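The next block holds one structure in the form of structure tokens; read it before the comments.
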Amino acid sequence: MISQFFVLSLRGDNIVFRDYRGDVPKGSAEIFFRKVKFWKEDEEEEAPPNVDGVNYFHVKVAGLLFVATTRVNSSPSLVLELLQRIARVIKDYLGVLNEDSLRKNFVLVYELLDEVIDFGYVQTTSTELLKSYVFNEPIVVDAARLPPLGPAGMFMQGTKRMPATAVTKSVVANEPGGRRREEIFVDIIEKISVTFSSSGYILTSEIDGTIQMKSYLSGNPEIRLALNEELSIGRGGRSIYDYSSSAGAGVVILDDCNFHESVHLDSFDVDRTLSLVPPDGEFPVMNYRMTQEFKPPFIITAVIEEAGTFRAEVILKVRADFSSNITANTVAIQMPLPKYTTRVSFEQEPGAVGQTTDFKEANKKLEWNLRKAWFFQNF
Amino acid sequence: MAPPSQSYKSPSPSQPSGKGEVSDLKLQLRQLAGSRAPGTDDSKRDLFKKVISYMTVGIDVSSLFSEMVMCSATSDIVLKKMCYLYVGNYAKGNPDLALLTINFLQKDCRDEDPMIRGLALRSLCSLRVANLVEYLVGPLGSGLKDSSGYVRMVAAVGALKLYHISAATCVDADFPSMLKSLMLHDSDSQVVANCLSALQEIWSLEASSSEEASKEREALLSKPVIYYLLNRFKDFNEWAQCLVLDLVSKYVPSDSSDIFDIMNLLEDRLQHANGAVVLATVKVFLHMTLSMTDVHQQVYERIKAPLLTLVSSGSQEQSYAVLSHLHLLVMRAPMLFSSDYKHFYCQYNEPSHVKKLKLDMLTAVANENNTYEIVTELCEYVANVDVAIARESVRAVGKIALQQYDVNAIVDRLLQFLEMEKGYVTAEALVLVKDLLRKYPQWSQDCIAVVGNISSRNVQEPKAKAALIWMLGEYCQDMNDAPYVLENLIENWDDEHSAEVRLHLLTAVLKCFLKRPPETQKALGAALAAGLSDSHQDVHDRALLYYRLLQYNVSVADRVVNPPKQAVSVFTDTQNSEIKDRIFDEFNSLSVVYQKPSYMFTDKEHRGPFEFSEETGGLSVGVESVENIAQIVDANDKDLLLGTSEEEESRGTSSDGSAYSAPAYDSASISLTSSHAQSEPVISNPSLPTYSAQTSLAIDDLLGLSLSSSTTSVPPPPPLKLNAKAVIDPGTFQRKWGQLPIALTQECSISPQGAAALNSPQVLLQHMQGQSIHCIASGGKAPNFKFFFFAQNAEASASFFLVECIINTSSSKAQIKVKADDQSTADAFWNLFQLALTRFGSP
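These protein sequences, in sequence, are chains G and Y. By the UniProt record's numbering, the letter at position 85 of the first sequence is numbered 85, and the numbering carries on one by one without gaps. By the UniProt record's numbering, the letter at position 32 of the second sequence is numbered 32, and the numbering carries on one by one without gaps.
Below is the structure:
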């Protein structure tokens, strides 16, 4: 149960503000924003804060703060999930979610909010169901101008992704020409975390993945999604308690996974097929997590030499460990540098094309961007 | 810190602030109100949009109320919605105008289109105007019986809204029972869910006043209702599922087959992508199995993987919320998570509050098998650029060391930290090495070798400095230069701002003296002198205590400061297990994230439904289960040595000191003007100052430090003997001061040295006390001090002397007024007093 919902821009403007229960004082948005400002300076973020018995929840999506307040001791994951969903529903409707599109479409957003929450209780967050209650037409905002929320919204921290432009289309807006295109987008997004020791040995490796789907199909057909048949969930077959067993080559072992509610798992145990009737809008079909050993796509080695009292030389090498007919796009390498670093000079391997290097003074980070990467590169 | 909100706002064109725009809008709305021309709706839409955008940014557009209502006669649903939104926002402030809207809202409630009926009903109930409730009952009643699920859904929440506006109206109209029958029979699952939330809220609010309501509330938790809801579980959407799960988690199953039925039914919910559903399910599982220890453990095993998946998917904020819950579980049953320690490794780009939780968990799950790897990982974090995390990591390593696993390797690591030459790392490590030594004295050789190399000048933080000093004192025999390091520190006594450090310094130097007297004598003298003139009461008292101890008997002093110590086996836990259990009971709520139970951060009326019944035991989770929790927590407590009591050592000695009942004056709390009243609690303390005249050692004595007590010079007994243990309560003092005539008024000078030494009132008080002249109140700041003294004739107990003494240290003059019960002895007393005062500060 929530009391208020509002969206703040990063400057603290109220873009949307809806009070559901009237038990939280009016200035809450401002109180919250002051808190946020304060964190930014201290770089200490404590979520969610509690001021005078009012609990503030927020999620940051596409540079906007989606905030909910409540006085009761409610479930944090429920409220946070809800905020995330609201953002997704709004994005489904507007096509692009950013400050500009929100401002232009705030009436539509209010209309959505009215149906999503009533007196603080969640009614529905399904884009599909909401369609029959919402009548405003979205005003389309030019997507190219602003960085949109990629389907990889879940990995927003530190990663920049280039989503296909088609995915920024509203689920309700019609194509110019009046005919809707029958399309469905399926993205597989994986976050790979690998830690190397200084000697190149892999200390930890983990993959967090998600299968995202965004459907523009009319008539809601059933879709079958076949996964690798060698897939097994939980280590050592069905038992997640047994951590000792190992599996043969080619077998993909997921530590764990979860599914969207529209997914039917009836035949999953037999042939690893998911069947679902995709609802409109964007949603994760499946999230999974694995710690099975795998070959990391890149290997980075860094050699640091002290070249004099006030100078250090860093040699960074990146080796791409996949076949040469695949290229990786938009590779960015960051390296935190000591606080007292004043100047950085770069030297690139001769013949390097499409590479940029930069030293970010503010957060003392070195950035090296490669538009394309393939086998073996040095820096 | 924050400028007014206006300054955040961008000067965007959509945000005018003037009144001009509002009155413009008013005009335009008027023109459109009556118009029937085609295209009116479009221009109305534009105008309405403008109004709403003003409303959002906080401009008051309530003056447009009547115009908006006039324009609302339209069939355009988008317009209607905007109008409803506007009305809902401003009706509360304009109850009279709100009446205008009733008419068209009521009409809309009878519209053909269920959508419009629903919308109108929702807006009608959202007006929040008390005197309009009579208009609500009719539409709500028919709304609840509407053929459309949408309208019934709105009406169910509408009944709850009505309850909040006027509880009596809602109950009188019998809405609760209508909601109940809807909940149990409606075909639309969202209607059922809304009825359930409305009923939960209504009945738990009613329960305090009506017995029937509390019975009804209990009935929600009865087996038929729970089974009914669970059987329809798949129909509910994910949010309604959370609601039902929350209810189920409070249900007390009748037997174990009941429990297994429910768990089997809900098991697939653990694979849901919505974290809220998963956590709610986890709560059901955990609470149901509390009484079955083995199953409870299996539940932990089962929920581990889904929770870890949730942590790694979802937004940062969500994963923090889930991680907090995982943290709670790890803390309750660390051994069950000991093989998953790699999941708690920090990633460099995680925010620091996440890292903190993870460090906590890493510390908790450490056992014989994984300690080495965990500590290796933690050592990496120590070099982290984030200072707070680096500190936490050092502390985590120390905590693991205190858990007794593989201490050998850890001690080496800790000692490496000491040599890292980073101030904060050294500081944290010092504190830990100290704790470590208290628990494992056998490591002293290795530690001392390293600690001895640390220059005390590089240690700035009070805690670390105190730890270093403690070690210097405790192991002074093993550290060659300990006395000299201490001496250096004492030389800089005045620059040392932390009282804790000064206290430790006193203790350490005494310990050192008792073991290596010749080298430390000078330092001890300086330390005691500095301590006695210290403005901090505790420091001063401890110095005095040590001084007297030494004077009394050196071997007793040795027994006090260097008693045979037992290694500390268990450090006290910081959070008691009752609170932990409370938080566990409130699983899947903010309590877990804040790590405190809900009563600490929510108002009473906002506690969730059923909160009260849990307290009264009407809904006990089962007595045996509570015991079970206690056992688990006990077991944890044994393994986990969370928290370290810093001051155990010093507490021991200071409690010894209290036997000597140090005077408890606090110069800061006693102001000149209200001295009598404020000093009352101090003086009426039963343990009054009990110094004998014998202990009246002039400070100069201390500096010479002749240790044998025989050298103490006792002043010749004066002709008038004063009672050294004189007692008077402030009330009596005040009364006497008012009644008695002034016996003498004198001015005398005090010695320049005395004036110079009088930098705080305490110094003089000690001195005068030595002469059996006690102070009842004192105050002032250099150069002006004011004292009220009193003394009692030892021969005639009813004969008191009262003195008001004003001292100006810059002119070294004192103005004294003496009053006495027995006027004849006043002169004799004056002589004594003057003698005492002039001696102050003289060598």
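Each residue gets a CB set at the ideal place from its N, CA and C atoms; glycine is no exception. Treat the numbers as computed from the prediction; the structure is a model and nothing was measured.
Item to check | C-beta contact flag for G/Leu254 and G/Met290 at 8 Å | outcome: In the first sequence, counting from the first residue as 1, residue 254 of chain G sits at position 254. In the first sequence, counting from the first residue as 1, residue 290 of chain G sits at position 290. A contact, by the Cβ cut-off of 8 Å.
Item to check | Inter-residue Cα distance where the pair is Y/Pro563 and Y/Arg548 | outcome: The sequence position of residue 563 of chain Y within the second sequence is 563, counting from 1. The sequence position of residue 548 of chain Y within the second sequence is 548, counting from 1. Rounded to whole angstroms, Y/Pro563 to Y/Arg548 spans 18 Å at the Cα level.
Item to check | Y/Cys170 versus Y/Ser75 - alpha carbon distance | outcome: Reading the second sequence from its first residue, position 170 is the one you call residue 170 of chain Y. Reading the second sequence from its first residue, position 75 is the one you call residue 75 of chain Y. Taking the straight line joining both Cα atoms gives about 31 Å.
Item to check | Cβ of Y/Gln739 within 8 Å of any chain G Cβ | outcome: Residue numbering aside, residue 739 of chain Y sits at position 739 when the second sequence is read from its first letter. Closer than 8 Å: no.
Item to check | Contact check, Y/Ala482 vs Y/Cys512, beta carbons under 8 Å | outcome: The residue given as residue 482 of chain Y occupies position 482 in the second sequence. The residue given as residue 512 of chain Y occupies position 512 in the second sequence. Contact flag set, yes.
Next on the checklist: Let me see if you follow: with CB-CB separation under 8 Å, is G/Tyr56 close to chain Y or not?
Outcome noted: Here residue 56 of chain G is taken as the residue at index 56 of the first sequence, counted from 1. Answer no: the Cβ-Cβ gap between G/Tyr56 and chain Y never drops below 8 Å.
Checklist entry - Looking at the structure shown, is Y/Cys476 part of a helix, part of a strand, or coil, going by DSSP? => result Here residue 476 of chain Y is taken as the residue at index 476 of the second sequence, counted from 1. Y/Cys476: coil per DSSP, three-state reduction.
Checklist entry - Applying the criterion that 16 or more other CB atoms from any shown protein chain within 10 Å of the CB defines a buried residue, is G/Tyr201 buried or exposed? => result What you label residue 201 of chain G is simply residue 201 of the first sequence in a count that begins at 1. Exposed.
Checklist entry - Counting pairs of Cβ atoms below 8 Å between the region 202–212 of chain Y and the region 182–194 of chain Y, do you hit three or more? => result no
Item to check | Backbone CA spacing between Y/Thr309 and Y/Ser257 [nearest angstrom] | outcome: Start at 1 with the first residue of the second sequence, and residue 309 of chain Y comes out as number 309. Start at 1 with the first residue of the second sequence, and residue 257 of chain Y comes out as number 257. Spanning the two alpha carbons is a distance of roughly 30 Å.
Checklist entry - Can you name the residues of chain G whose CB is closer than 9 Å to the CB of Y/Phe237? => result Working through the second sequence from its first residue, we reach residue 237 of chain Y at position 237. Phe is not the amino acid found at residue 237 of chain Y; the sequence shown has Asn there. The contacting residues are Val122, Gln123, Thr124, Thr125, Ser126, Leu129, Glu261.
Checklist entry - According to the neighbour-count rule (16 or more other Cβ atoms, all chains shown, within 10 Å of its Cβ), is G/Tyr93 buried or exposed? => result Looking up residue 93 of chain G in the first sequence gives position 93. So G/Tyr93 ends up on the buried side.
Item to check | Within 8 Å, strictly: CB atoms of residue 845 of chain Y and Y/Ala429 | outcome: Nothing in the structure corresponds to residue 845 of chain Y, since chain Y is present only between 1 and 843.
Checklist entry - Is the Cβ of G/Val16 closer than 8 Å to any Cβ of chain Y? => result Start at 1 with the first residue of the first sequence, and residue 16 of chain G comes out as number 16. Answer yes: the Cβ-Cβ gap between G/Val16 and chain Y drops below 8 Å somewhere.
Checklist entry - Does G/Val59 have its Cβ less than 8 Å from a Cβ in chain Y? => result Locating residue 59 of chain G in the first sequence gives position 59, counting from the first residue. It does; some Cβ of chain Y falls within 8 Å.
Checklist entry - For chain Y, is any of its Cβ atoms less than 8 Å away from the one on G/Asp100? => result Translated into the one-based positions of the first sequence, residue 100 of chain G becomes position 100. No, its Cβ sits nowhere closer than 8 Å to a Cβ of chain Y.
Next on the checklist: Taking the alpha carbon of G/Phe259 as the reference point, which residue from Y/Leu243, Y/Ser751, Y/Val278 has its own alpha carbon closest?
Outcome noted: Here residue 259 of chain G corresponds to residue number 259 of the first sequence, with the count starting at 1. The shortest C-alpha separation from G/Phe259 is found at Y/Val278.
Checklist entry - G/Asn50 by DSSP, collapsed to three states: which one? => result Indexing the first sequence from 1 puts residue 50 of chain G at position 50. Residue state, collapsed to three classes: strand.
Next on the checklist: Using 8 Å for Cβ pairs, my map puts Y/Leu415 next to Y/Val450. What's the rounded Cβ distance?
Outcome noted: Within the second sequence, numbered from 1, the residue matching residue 415 of chain Y stands at position 415. Within the second sequence, numbered from 1, the residue matching residue 450 of chain Y stands at position 450. Between Y/Val450 and Y/Leu415 the Cβ distance is about 5 Å, and since that is below 8 Å, they are a contact.
Item to check | Backbone secondary structure at G/Gly63 - three-state DSSP | outcome: Counting from one through the first sequence, the residue named residue 63 of chain G turns up at place 63. Coil.
Checklist entry - Listed in chain order, which residues of the region 289–302 of chain G have Cβ atoms closer than 8 Å to some Cβ of chain Y? => result Arg289, Thr291
Checklist entry - Expressed to the nearest angstrom, what Euclidean distance is found between the alpha-carbon atoms of Y/Leu503 and Y/Asp446? => result Position 503 of the second sequence, counted from the first residue, corresponds to residue 503 of chain Y. Position 446 of the second sequence, counted from the first residue, corresponds to residue 446 of chain Y. Straight-line Cα distance between these residues: approximately 26 Å.
Checklist entry - Can you tell which of Y/Phe840, Y/Met420, Y/Leu802, Y/Ala527 has the C-alpha that lies nearest to the C-alpha of Y/Ala826? => result If you number the second sequence from 1, residue 826 of chain Y lands on position 826. Comparing C-alpha distances from Y/Ala826 to each of Y/Phe840, Y/Met420, Y/Leu802, Y/Ala527 shows the shortest one belongs to Y/Leu802.
Next on the checklist: Using a Cβ-Cβ cutoff of less than 7 Å, which residues in the same chain neighbour Y/Arg45 once the five nearest sequence positions on both sides are dropped?
Outcome noted: Along the second sequence, read from residue 1 onward, the residue named residue 45 of chain Y stands at position 45. Same-chain partners within the cutoff: Val78, Leu79.
Checklist entry - In whole angstroms, what is the alpha-carbon distance linking Y/Trp737 and G/Val24? => result For the purposes of this step, residue 737 of chain Y is taken as the residue at position 737 of the second sequence. For the purposes of this step, residue 24 of chain G is taken as the residue at position 24 of the first sequence. Cα-Cα distance, rounded: 57 Å.
Next on the checklist: Between which two residues does the alpha helix (DSSP H) holding Y/Arg128 run?
Outcome noted: The count along the second sequence starts at 1 and reaches residue 128 of chain Y at position 128. Note, Y/Arg128: premise wrong, no alpha helix (DSSP H); not H, not E.
Next on the checklist: Using a Cβ-Cβ cutoff of less than 8 Å, which residues in the same chain neighbour Y/Asp246 once the five nearest sequence positions on both sides are dropped?
Outcome noted: Position 246 of the second sequence, counted from the first residue, corresponds to residue 246 of chain Y. Result list for Y/Asp246: Ala280, Lys283, Asn588, in chain order.
Checklist entry - Quick one: which chain Y residues come within Cβ less than 7 Å of G/Asp92? => result The residue you call residue 92 of chain G lines up with position 92 of the first sequence. Ordered by position in chain Y, no residue passes the 7 Å Cβ test against G/Asp92, which lies about 16 Å from the chain.
Item to check | For G/Arg289, the first and last residue of its enclosing alpha helix (DSSP H) | outcome: The count along the first sequence starts at 1 and reaches residue 289 of chain G at position 289. Secondary structure note for G/Arg289: it is in no alpha helix (DSSP H), and the uninterrupted beta strand (DSSP E) holding it is 281–290.
Next on the checklist: Give me, in chain order, the residues of the same chain whose beta-carbon lies closer than 7 Å to that of Y/Phe104; leave out the 5 immediate sequence neighbours on both sides.
Outcome noted: Against the second sequence, residue 104 of chain Y aligns to sequence position 104. Within the same chain, Y/Phe104 has close Cβ partners Ser72, Ala73.
Item to check | Neighbourhood of Y/Val61 by C-beta, 7 Å cutoff - its chain only, sequence neighbours within 5 removed | outcome: In the second sequence, counting from the first residue as 1, residue 61 of chain Y sits at position 61. Val22, Val51, Tyr54, Met55.
Checklist entry - Between the Cα of G/Gln334 and the Cα atoms of G/Gly308, G/Ala302, G/Ile326, which residue gives the shortest distance? => result Sequence index remark: in the first sequence, residue 334 of chain G carries index 334 (1-based). The shortest Cα separation from G/Gln334 among G/Gly308, G/Ala302, G/Ile326 belongs to G/Ala302.
Item to check | Environment of Y/Met768 [buried if 16+ CB atoms lie within 10 Å] | outcome: By 1-based counting over the second sequence, the position of residue 768 of chain Y is 768. With 16 or more Cβ atoms within 10 Å of its Cβ, Y/Met768 is classed as buried.
Item to check | Same chain only: Cβ atoms within 7 Å of Y/Ala396, ignoring 5 sequence neighbours per side | outcome: Position 396 of the second sequence, counting from 1, holds the residue named residue 396 of chain Y. Excluding five sequence positions before and after Y/Ala396, the CB atoms of its chain that fall closer than 7 Å to its own CB belong to Leu359, Leu362, Thr363, Leu378, given in chain order.
Next on the checklist: Taking 8 Å as the threshold (beta carbon to beta carbon), is G/Thr341 in contact with chain Y?
Outcome noted: For the purposes of this step, residue 341 of chain G is taken as the residue at position 341 of the first sequence. Answer no: the Cβ-Cβ gap between G/Thr341 and chain Y never drops below 8 Å.
Next on the checklist: For a contact defined as C-beta to C-beta under 7 Å, what are the partners of Y/Tyr345 on chain G?
Outcome noted: Locating residue 345 of chain Y in the second sequence gives position 345, counting from the first residue. Those are Thr204, listed as they occur along chain G.
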